[in-house]
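Novice:
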Amino acid sequence: MNRVRPILFNTDMVRAILDGRKTVTRRCVKARSKNACGFYVTFRKSDNAFMGVYDYDENERQFDSSQTPPYQPGDILYVREAWEEWTGGYLYKAWPDGICQPGAWKDMPWRPSIHMPKEAARIWLKVTDVRVERLQEITPEQIIKEGTTGFDAEHLEVLGEHYDIPFATLWDSTIKKSDLDLYGWAANPWVWVIEFEPCEKPDGWPE
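Anchor point for the sequence shown: position 203 equals 317 in the working numbering, and the numbering is continuous, going up by one each time.
#1: Consult DSSP for V307 and reduce its assignment to one of helix, strand or coil.
#2: What would DSSP say about G188, mapped onto helix, strand or coil?
#3: Using the C-alpha atoms, what's the distance from Q250 back to Y297?
#4: DSSP on G274, reduced to helix/strand/coil?
#5: I think V193 touches V167, with their Cβ atoms under 8 Å apart; what is that distance to the nearest whole Å?
#6: What is the rounded straight-line gap between the Cα of K240 and the Cα of W224?
#7: With C-beta atoms as the reference, is F281 less than 8 Å away from T137?
#8: Taking 8 Å as the cut-off, decide whether the C-beta atoms of V118 and P316 are in contact.
#9: Which partner residues of F177 appear in the DSSP bridge assignment?
#10: Look up W209 in the DSSP assignment and say whether it is helix, strand or coil.
#11: Does the structure place the stretch 288-308 close enough to the stretch 242-260 that three or more beta carbon pairs sit under 8 Å?
#12: Kindly confirm or deny that the stretch 150-157 and the stretch 224-234 touch, where touching means at least three C-beta pairs closer than 8 Å.
#13: Kindly list the residues whose CB is nearer than 7 Å to the CB of N116, restricted to its own chain and excluding five residues on each side of it in sequence; keep chain order.
#14: By DSSP, does K136 sit in helix, in strand, or in coil?
#15: Quick one: is Q186 buried, meaning 16 or more other Cβ sit within 10 Å of its Cβ, or exposed?
#16: Give the secondary structure of D169 by DSSP, where H, G and I count as helix, E and B as strand, and everything else as coil.
#17: What number of angstroms, rounded off, separates the C-alpha of I237 from the C-alpha of W306?
#18: Report yes if the CB atom of A150 is closer than 8 Å to the CB atom of D178, and no otherwise.
#19: Considering only C-alpha positions, which residue in the set P254, D278, R146, C313 is nearest to T182?
#20: How about T125: is its C-beta nearer than 8 Å to some C-beta of chain C?
#21: So I308 packs on T139, CB below 8 Å; how close in whole Å?
#22: Are I289 and L122 touching if we call contact CB-CB under 8 Å?
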């Protein structure tokens, strides 16, 4: 049975998903263990295949068990987004074009996505692939799949070797200023790359 897990997206990225422009997301790899000071990403010497992410302690000793990726292929994700209750139902800040133009509800006291109840979920995604890589390894094709607003293959081709600037700017806008040295574009952190596709709501999900 597929796991059903939540995933948070900001309003711009929810719109990109609704538009069919976003089919992948990147999330920073971080140490998980309580006493960990950092982590190693390990690869097999023979073929450079990914082996695991291992936390290490203050003496740089590696923990025995590998981190579990936040999601696995086959997982079903329900998107948590900015929302508000409205006459017995829900409103969403990221209404698709044609229903409610962005900004039309600018005075609405939107509730943060982290507090969205399960029953309010309207977007469902199935994980198709999960891998780990450095942030700056992103390709032009992947930048397009990330749903970077206003950029397609033609725009990125014009940028040439600087094709990654739009995504770098977008990425840094999502990182706390205090964390830029660790997780900003220039830091080139390890990231989980999570690919997905739209799917139907699972049977028996709370109405």
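The beta carbon of each residue, even a glycine, is placed where N, CA and C say it ideally should be.
Specialist: Quick look at the numbers:
#1: Within the sequence shown, the letter at position 193 stands for residue 307. Note: V307 maps to strand in three-state DSSP.
#2: One-based indexing of the sequence shown puts residue 188 at position 74. In this structure, G188 counts as coil in the three-state DSSP scheme.
#3: For the purposes of this step, residue 297 is taken as residue 183 along the sequence shown, with counting starting at 1. For the purposes of this step, residue 250 is taken as residue 136 along the sequence shown, with counting starting at 1. Going from the Cα of Y297 to the Cα of Q250 covers about 11 Å.
#4: Counted from its first residue, the sequence shown places residue 274 at position 160. In this structure, G274 counts as helix in the three-state DSSP scheme.
#5: Position 79 of the sequence shown, counted from the start, is the residue given in the question as residue 193. Position 53 of the sequence shown, counted from the start, is the residue given in the question as residue 167. At roughly 25 Å, the Cβ-Cβ gap does not stay under 8 Å, so V193 and V167 are not in contact.
#6: Numbered from 1 along the sequence shown, position 126 holds the residue referred to as residue 240. Numbered from 1 along the sequence shown, position 110 holds the residue referred to as residue 224. About 27 Å.
#7: Position 167 of the sequence shown holds residue 281. Position 23 of the sequence shown holds residue 137. In this structure, F281 sits away from T137, with a CB-CB distance that is not shorter than 8 Å.
#8: On the sequence shown, residue 118 is found 4 positions in, with the first residue counted as 1. On the sequence shown, residue 316 is found 202 positions in, with the first residue counted as 1. Yes, the Cβ-Cβ distance between V118 and P316 is below 8 Å.
#9: Taking the sequence shown and counting its residues from 1, one reaches residue 177 at position 63. The partner list for F177 (beta bridge, DSSP) is empty, contrary to what the question assumes.
#10: For the purposes of this step, residue 209 is identified with residue 95 of the sequence shown, where counting begins at 1. Coil.
#11: yes
#12: Contact between the stretch 150-157 and the stretch 224-234 is absent, because fewer than three Cβ pairs lie under 8 Å.
#13: For this step, residue 116 is matched to residue 2 along the sequence shown. Around N116: G188, D189, I190.
#14: Stepping through the sequence shown from its first residue, residue 136 is reached at position 22. Residue state, collapsed to three classes: strand.
#15: Within the sequence shown, the letter at position 72 stands for residue 186. Exposed: under 16 other Cβ atoms inside 10 Å.
#16: Indexing the sequence shown from 1 puts residue 169 at position 55. DSSP places D169 in strand when its eight states are reduced to three.
#17: Residue numbering aside, residue 237 sits at position 123 when the sequence shown is read from its first letter. Residue numbering aside, residue 306 sits at position 192 when the sequence shown is read from its first letter. Answer to the nearest angstrom: the Cα atoms are 21 Å apart.
#18: The residue given as residue 150 occupies position 36 in the sequence shown. The residue given as residue 178 occupies position 64 in the sequence shown. No, these two residues do not count as a Cβ contact at 8 Å.
#19: The sequence position of residue 182 within the sequence shown is 68, counting from 1. Out of P254, D278, R146, C313, the CA that lies nearest to the CA of T182 is found in R146.
#20: The structure shown has no chain C; it contains just one protein chain.
#21: Looking up residue 308 in the sequence shown gives position 194. Looking up residue 139 in the sequence shown gives position 25. Right, their Cβ atoms sit about 5 Å apart.
#22: Within the sequence shown, residue 289 is the residue found at index 175, counting from 1. Within the sequence shown, residue 122 is the residue found at index 8, counting from 1. No, the Cβ-Cβ distance between I289 and L122 is not below 8 Å.
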